[in-house]
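The block underneath contains the structure these notes are about, expressed in structure tokens.
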Amino acid sequence: MAAHARAGSVVVLLALLVIALAPLGASVLGPKLAPGHLAVEAASGSPHPAPADAVSAYVSADRSAADVGQSITFACSASGGTPPYVYAWALSDGGIAAGPTVDYSFGSPGTYDATCTVTDLLLGIAMDSTSVVISPTPSVAASVDHDLAAPGMTLTFGASPSGGDGSFTFEWAFGDGSSGSGAPATYAYSQAGSYQATVTATDGNGGTASSSVSVTISDIGVTAGVSPTSGDLTTVFTFTATASGGGGSPYSFSWNFGDGATGSGPSVTHFYTAGGTYSPEVTATDGLGGSHAAPTQTVTVTAPPAPLGATANAPRQAADVGQSVTFTCSATGGTAPYSYGWTFGDGNTGSGSPVTYSYQSAGAMTVTCTVTDSTTASATDSTSVQVSPSPSVVASASYAAAAPGTSLTFSAQATGGPGTFTDYAWSFGDGTTGSGVQVAHAFAQAGSYQPTVVVTDSNGGTASGSVSVTISNVQVTASATPASGHTDTLFEFNATANGGGGQPFTYSWDFGDGQSGGGSAVSHSYPNAGNYSPLVRATDSLGASRTVSLSPIEVSSTGGAPVEPLSVTMSVSTSLPRVNESISLSGTGRGGSGGYTCVWDFGDGDNATACSTSHAWTVAGHYTVDLVLSDSGGNRTSDSSPIDVQPALGPPGGPLTVAFRVSKSLAAVNENISFVATGGGGSGGYACSWNFGDNTSATGCSASHAWNATGSYRVLLSVSDSAGHHGSSSQTVDVITGLTATFGVGPSPAIIGEPAELVAHPTGGVGPYNCTWEFGDGANASGCAVSHVWTTRGRFVIRLVVNDSTNQSYAVFQPISVESSGLFGLPLGLDLVVLASPLVVIILGIYLWNAWRRRSRSPQVLDSVEASVISTLTGNVKRLSRWRPRRGGHRRSRLPGEEPGSKANQDAGRDDHQGPVQ
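According to my numbering, the stretch in the sequence shown is residues 1247 to 2164, in order.
Structure (structure tokens):
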């Protein structure tokens, strides 16, 4: 204020004058006061408003509150009146000032007014004022909870403010470059030293005050000692410690004596229970929790030597003969150095540690180590090793000889070792490998091979074994005698085979006329003339086969009525018998000359000669039953059937398992199907029952059944053992209508050189159908509607074979007569009748003419009769010359698309012989 008061004495004096004259001016010039400000009262005593052009004033301050000593800027603005203006200030603490702007500070707290009086050039006056609140000067006192501490200890700093407006914020400087805020504030010094922590408090008016507090940070110093520093197990050692610095007293002490034991206190005692060198340590903790650890001197404790001990060890507890085993032995106690001696349990000894040894005999071996120290004291320990015999293996093959492509089973029988084998590795000698106790392998090329197996036991021991196999192709030699003949000639066919899987070989013949046979030696006659190319297929005991062709056979006709070729049908009660189960077999012949005889070969070395017989096999396996049937004329034919002989149900033991095999899962109505139970386990003494799904059942662990209606049937096998355990298994068999067929021929009889139409009528089975024909004259055709031309006269047997999509086959035979053509294209006989007809007419005419002549001698009558006879003869001749029979002769069968019903059709559709193909 003083600075502003000295702004100019003239201004001040003028302002004082204005203030002094203000009452006078107000009374004289009242109408010129500014609006809103007090004016001189009129005579009536009520205020008068200032005129519109009167001077006015407005006061403002940069703040409404401040602390004692803080500067406040007051501003006064004038308007109206007649400039220039004169500004005079009056402060309620007695201070005055001049000018439109004034900086002013109050010396004591309280609420103050600042009033500005504005006077214009014509002495017009206006006034305005504002109020401010002044607070006491702020102050603060800093404090700390501990003025002594160790580095890292957290200290709490406090600040107590006063004065100001009562609202404060606090900022700290801890003296080590770090800062903080708030009250209280916490801080931990990281380094030892003396620090001055300062707090600055700021109130709401911006007034500040500072205060400091001193802290001393020092490391805890520990001095520790032990007395004595050496001794034995009876010595009492005294440990002492003192501390300084940090947070100061009181200090606590924690001891670690180096042997796992602990203690506490500034002075403690301890004795050691074992010899050795120890490094004791003490941790001192001050009153604030700061701590520091320090070691004492090293303590040496002597103790008498411990008793000598030995520990024997082997890294493996099992080995095979010849395998190396490493043994180790460790010593404890006693007085070094040590020496080691061994006995290996088989009479042999060794020394050192470690030591390696190989056993040459099997058995449980006790291995003992003896340790001797420098004082000749000794100790022993033992371990055991189970030594197993060296492993060995025998390799075998299911068959020593086979054809390329035949799967052979190779087996390895390993012995020795610990009895547990972890790997079977096979090398078959053809560049391929396999693994397992049993493996299957087929060689692609002929040759001699030596498959080898290497087995590894659980001890890591190995052994190898090999087996020799010979792989060769099936070789077949076949012949037919004679090389040519007639339709009544009995041809002898012979075949021999070798190589492959060897005996027994089965032989399947295709005689080239649609007929087949079986056996190494068979007979066959051809019912129709022609050239035939027989084939024979030889199959070895393992199923490999080879087919060879024989030289063509020329068969010429001998005339006479045709004879149905000799054929045979074999039937068996079951194709899945068990070992020692007797089955029924029968052979049914047809065609040929009758008087049939049979010879059976059961594939196991046994034979029989009756056409109905029975047989049982003693060894499980796959067999082929061959039947050769001969007729009274010496003709022979054959048939064969596979038999799969099943072993007995599996041995008892483990859970009861149930399964079964079925000979066919797709069967025809009334076809006999075989069933056999498999599986095993349980307690043995099995009882089997069957439910065939058509309200029929059977008992026994082998069964057969035929269904009399089509459908899908669920076959259920139930098995129980002697302990009452039960199990079941089921399979589905689909039954379809059996395949049959007929055929029609038109015309019948057929005419030489004229085509005859043949139509097959298959029923049952599962389409589509495949039809093949043999016409009895050496020709054949395929298709279910064909035509054929016979070139010679005679009677022929037509053979039709129908096959469906399920490989069912059905054959039907029918004879047909083939006749020559006569005159005029008529069949022979009818042409003679036609030729004789005109002669009969001529003779009759002559007779009538003579009779008429005797009765009537009239020439006119004679002329009339002659003319009539001549006309009749001429007309007959002309008609005969124009007449031709319809194609096909006087009898014909219904052709494809023709309606049934005529007698000719019924005659042609009659089948003399029919049945399934054999």
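All C-beta atoms in this analysis are idealised placements derived from N, C-alpha and C, irrespective of residue type, glycine included. Predicted model only: the values in this text are computed from it and were never measured.
_Less than 9 Å between the C-beta atoms of D1669 and S1653, yes or no?_
No, the pair does not count as a contact, with Cβ atoms beyond the cut-off.
_CB of G1928 within 9 Å of CB of A1894, strictly_ = no
*Considering only residues of the same chain and omitting the five flanking positions on each side of S1797, which have a CB-CB separation below 8 Å?*
Only A1726, A1729 meet the Cβ criterion.
*Please determine, among R2039, I1998, A1913, the residue with the shortest C-alpha to C-alpha distance to N2053.*
A1913
*Mapping DSSP to helix, strand and coil, what is T1444?*
strand
*With T1574 as the anchor, note down where its beta strand (DSSP E) starts and where it stops.*
Taken as a continuous stretch (DSSP letters only), the beta strand (DSSP E) holding T1574 covers 1570 to 1578.
_DSSP state of G2135 mapped onto helix, strand, coil_ = Annotation note: pLDDT 36 at G2135 (below 50); position unreliable, coordinate value reported separately. The answer is coil: DSSP assigns G2135 none of H, G, I, E or B.
*Measuring alpha carbon to alpha carbon, tell me which of S1464, V1814, D1850 ends up nearest N1881.*
Answer by Cα proximity: V1814.
_Euclidean distance between Cα positions of T1365 and D1349_ = Those two C-alpha atoms are separated by around 21 Å.
*How many angstroms separate the CA atom of S1537 from the CA atom of G1491?*
10 Å
*Tell me whether the beta-carbon of V1922 lies closer than 9 Å to the beta-carbon of C1947.*
yes
_List, from N- to C-terminal side, the beta strand (DSSP E) runs of 3 residues or more that fit wholly inside the stretch 1588 to 1616._
1595 to 1597, 1601 to 1604
*Report the residue ranges of all beta strand (DSSP E) runs contained in full by the stretch 1435 to 1518; include only those spanning at least 3 residues, in chain order.*
1439 to 1449, 1454 to 1463, 1467 to 1473, 1476 to 1478, 1483 to 1490, 1498 to 1502, 1508 to 1510, 1513 to 1516
*Output yes or no for whether 9 Å exceeds the beta carbon distance between A1740 and S1766.*
Here residue 1740 turns out to be Asn, not Ala, going by the sequence shown. Yes. Within cutoff.
_For N1916, count the other beta carbons within 10 Å of its own beta carbon; 16 or more makes it buried, fewer makes it exposed. Which is it?_
exposed
*N2049: buried (16+ other C-beta within 10 angstroms of its C-beta) or exposed?*
buried
*asked:* Which residue wins for smallest C-alpha separation from T2038, given the options N1937, A1395, G1999?
replied: G1999
*Please list, in chain order, all residues of the same chain as T1679 whose beta carbon is under 8 Å from its beta carbon, the five residues on each side excluded.*
A1671, W1672, S1673
*asked:* Assuming contact is defined by CB atoms lying nearer than 9 Å, are T1400 and T1432 in contact in what I supplied?
replied: In this structure, T1400 lies near T1432, with their beta-carbon atoms less than 9 Å apart.
*Could you give the distance in angstroms between the alpha-carbon of A1321 and the alpha-carbon of A1307?*
6 Å
*Pick from T1484, V1390, T1519, T1629 that is closest to G1506, judged by C-alpha positions*: T1519
*When we look at the beta-carbon of Q1749 and count the other beta-carbons within 10 Å, is it buried (16 or more) or exposed?*
exposed
*Looking at C-alpha atoms only, which residue of A1866, G1984, T1462, D1980 is the closest neighbour of K1910?*
D1980
*So what's L1796 in DSSP terms, helix, strand or just coil?*
Annotated three-state conformation of L1796 is coil, per DSSP.
*Check whether the Cβ atoms of H1770 and F1737 lie closer than 9 Å to each other.*
yes
*Does DSSP put L1788 in a helix, a strand or coil?*
coil
_If you reduce the DSSP assignment to three classes, tell me which class I2092 lands in._
Correct three-state label for I2092: helix.
*Going straight from the alpha carbon of F1667 to that of M1816, what length do you get?*
50 Å
*If you draw a straight line from the C-alpha of G1398 to the C-alpha of A1549, how long is it?*
43 Å
*asked:* Quick check for students: name the residue ranges of the beta strand (DSSP E) that lie wholly in the stretch 2035 to 2065, counting only runs of 3 or more.
replied: 2040 to 2049, 2055 to 2065
*Residue range of the beta strand (DSSP E) that S1310 falls in?*
Neither: S1310 is in no beta strand (DSSP E) and is coded neither H nor E.
*Grouping DSSP H, G and I as helix and E and B as strand, with all else coil, what is E1827?*
coil
_Taking the alpha-carbon of P1355 as reference, which of H1971, I1380, I1371 has the nearest alpha-carbon?_
I1380
_Helix, strand or coil for Q1749? Go by DSSP, reduced to three states._
coil
_DSSP state of C2030 mapped onto helix, strand, coil_ = coil
*Which residue's Cα is closest to the Cα of N1777: S1803, A1790, V1722?*
Ranking S1803, A1790, V1722 by CA distance to the CA of N1777 puts S1803 first.
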